[in-house]
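Contents: one structure, followed by commentary.
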Amino acid sequence: MIDADEMLTLIESCRREVQAMLPANEFASLSSKTRQDYRQLGRTLLVRARYAEGGMAEVITATQRPTTYYKRVAALRYCLYADLVERLKSLHSALSARPVDELQVMAIQAQLQQQRAFLREFDMARQSGHPGERRKRASKRQALRGLPGDWREQLYRRAAKGKYADAILVAALTGCRPEELRQGVHIRRVDNPRSGMGEIRFEIDGAKVKAHQGQPHRLIAYGAHDPHPLLEALLIRLAGRRELLVCIDSPVNFTVEVRRLAHSLWPKHKHAITAYCLRHQWAADLKRHAAADSVSQGLGHASAKTRRHYGQANQASSRHALHPIAIEAERSVRPATAKAPHHRAASSKTVTP
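Sequential numbering from -13 applies to the sequence shown in the working numbering.
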């Protein structure tokens, strides 16, 4: 026999548990891929929690990496929320059916009771935070220390006959993410009617873009006669063409190849050199001579706060630094809440509004 009052109390209790641990529209900006990843990870963690001696708290905190801890919290929160929504919908359908299948309703009721127990356990674990010792983050910015000033040119020369030669050039010249290379970066050689000068433009569709985060599209341009060896190498690869689309199949495989090539060049270097090191070096170059917000826009950021994680001006070589003549992005850069670091002002040749 179904106890209607008990059922309503259970439903309201579950709803209160969820509302207490997340603000309104918490998941509105999540992409479908992120939802899928969170659901998969969350279910894996729930299974582990059933057998772990310390339950959900042990499963969430069994890491020294803060990023892993927070990802687990986010995944579990979304998974528990999504499961609850599904079960409430199933319950509504079961109660609306005629005749009502009491066995089905009782089964859903048992699932909701278990769900409520999970929600309470998760909330306690979340409020306790991460008590363990945190491992120091291995920054790719640190990996630039000790590399020769022309390390990007050397890396390209080692890769010139390989599958990823064009991709390494683009990553070095734009600081783009490997995922953005998977989507494809357009290179165009154009004549700018305003300046009367030739330009090489890179058009990038941004990764990590949400409603108020990231740059959906950005453009980075160099003078067509810029003597930098990387740009001269690109002109050779263009071989007279006005346009070229550069893309990769796998960001992971691309990074593995960059790591392999770098290790063959500098086997005694302390840190692994990956594709993100090209991004850090590009940011370091821009921080040396360009306007601060141009650095953010070029990296694909919409907030001034995040550029501090990429490169340092003193890591740029005066002889080998890149000098884009223009950087454009769809969104203006939001100022950081704290005082942002100052970078040397851009010259008139590199002003990028």
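Ideal placement from N, C-alpha and C gives every residue a C-beta, glycine not left out.
No experiment lies behind these values; they were computed from the predicted model shown.
- Message: Comparing C-alpha positions only, which one of K194, D136, F188 and L(-4) sits nearest to Q100?
- Response: When only C-alpha atoms are compared, the closest one is L(-4).
- Item | Start-end ranges of the alpha helix (DSSP H) lying completely within the segment 165 to 240, minimum 4 residues | Within the segment 165 to 240, the runs of alpha helix (DSSP H) at least 4 residues long that lie entirely inside it are, in chain order, 215 to 224.
- Task: Could you please give me the residues that DSSP links to A312 through a beta bridge?
- Result: Among the bridge pairs identified by DSSP, A312 is matched with A207.
- Query: In chain order, what residues of the same chain have a beta carbon less than 8 Å from the beta carbon of L224, not counting five sequence neighbours either side?
  - Reply: Residues of the same chain with a CB within less than 8 Å of the CB of L224, apart from the 5 flanking positions on each side, are I173, R175 and L230 in chain order.
- Message: Which residue wins for smallest C-alpha separation from S15, given the options W268, G297 and K196?
- Response: For the residues W268, G297 and K196, the minimum Cα distance to S15 belongs to K196.
- Task: Would you identify the three-state DSSP class for R84, choosing helix, strand or coil?
- Result: R84: coil per DSSP, three-state reduction.
- Message: Closest to L74 by C-alpha separation, out of A277, L(-6), E189 and Q22, would be which residue?
- Response: The shortest Cα separation from L74 among A277, L(-6), E189 and Q22 belongs to L(-6).
- DSSP on R320, reduced to helix/strand/coil? Under the three-state reduction of DSSP, R320 is assigned to strand.
- Query: Does the distance from the CB of P70 to the CB of C0 come in under 8 Å?
  - Reply: As written in the sequence, residue 70 is Leu, which differs from the Pro given in the question. For L70 and C0, yes; Cβs fall inside 8 Å.
- Query: Can you tell me where the alpha helix (DSSP H) with L130 in it begins and where it stops?
  - Reply: First-last for L130: undefined, no H or E at that position.
- Item | Contacting residues, own chain, Cβ-Cβ under 7 Å from R305 (five flanking each side not counted) | G135.
- Task: Reducing DSSP to helix, strand and coil, say where S76 ends up.
- Result: Note: S76 maps to helix in three-state DSSP.
- Item | Coarse secondary structure for S304, derived from DSSP in three states | Looking at S304 - three-state DSSP - the assignment turns out to be coil, as it is neither helix nor strand.
- Task: Please work out which residues of its chain come closer than 6 Å, Cβ to Cβ, to K325, disregarding the five sequence neighbours upstream and downstream, and give them in chain order.
- Result: Caution applies to K325, whose pLDDT of 48 falls short of 50 and renders its modelled position unreliable; the model cannot decide the point.
- Query: Do G284 and I313 have their CB atoms nearer than 8 Å?
  - Reply: Taking 8 Å as the cut-off, the Cβ atoms of G284 and I313 count as close.
- Item | Of the listed residues R144, A322, G28 and D177, nearest to W252 (C-alpha basis) | Checked all of R144, A322, G28 and D177; the closest Cα to W252 is R144.
- DSSP state of S289, grouped into three classes? Residue state, collapsed to three classes: strand.
- Selection from R320, G297, A307 and R317 that minimises the alpha carbon distance to R131: Ranking R320, G297, A307 and R317 by Cα distance to R131 puts G297 first.
- Message: So, at 7 Å on beta carbons, what are the nonlocal neighbours of L247 in its own chain, with the 5 sequence-adjacent residues on each side left out?
- Response: For L247, where only same-chain residues beyond five positions count, the Cβ hits under 7 Å are L141, R144 and A145.
- Query: So which of A290, Y262, A38 and Y24 has the shortest CA-CA distance to E165?
  - Reply: Relative to E165, the option among A290, Y262, A38 and Y24 whose CA is nearest is Y262.
- Residue of L159, A153 and A158 minimising C-alpha distance to L167: When each option's Cα is compared against that of L167, the closest is A153.
- Message: One question on the structure: do L155 and L62 come within less than 8 Å of each other, judged by their Cβ atoms?
- Response: No; because the gap between Cβ atoms is not below 8 Å, this pair is not in contact.
- Task: Give a yes or no on contact between the segment 78 to 98 and the segment 35 to 53, applying the rule of three or more CB pairs nearer than 8 Å.
- Result: The segment 78 to 98 is not in contact with the segment 35 to 53.
- Message: Taking the alpha carbon of F240 as the reference point, which residue from P52, Y55 and A157 has its own alpha carbon closest?
- Response: Nearest C-alpha to F240 among P52, Y55 and A157: A157.
- Task: Drop a sphere of 10 angstroms on the beta-carbon of G209, count the other beta-carbons inside from all chains shown, and report buried for 16 or more, exposed for fewer.
- Result: The residue in question, G209, is buried, as its Cβ has 16 or more Cβ neighbours within 10 Å.
- Task: Thinking G28 and Y64 are a contact (beta carbons under 8 Å), I'd like their distance in whole angstroms, please.
- Result: Taking 8 Å as the upper bound for CB-CB distance, G28 and Y64 are in contact here, some 6 Å apart.
- Message: Our contact map puts A276 next to R320 with C-beta atoms below 8 Å; I'd like the distance itself, whole angstroms only.
- Response: Contact between A276 and R320 is absent: CB atoms are separated by about 18 Å, not below the 8 Å threshold.
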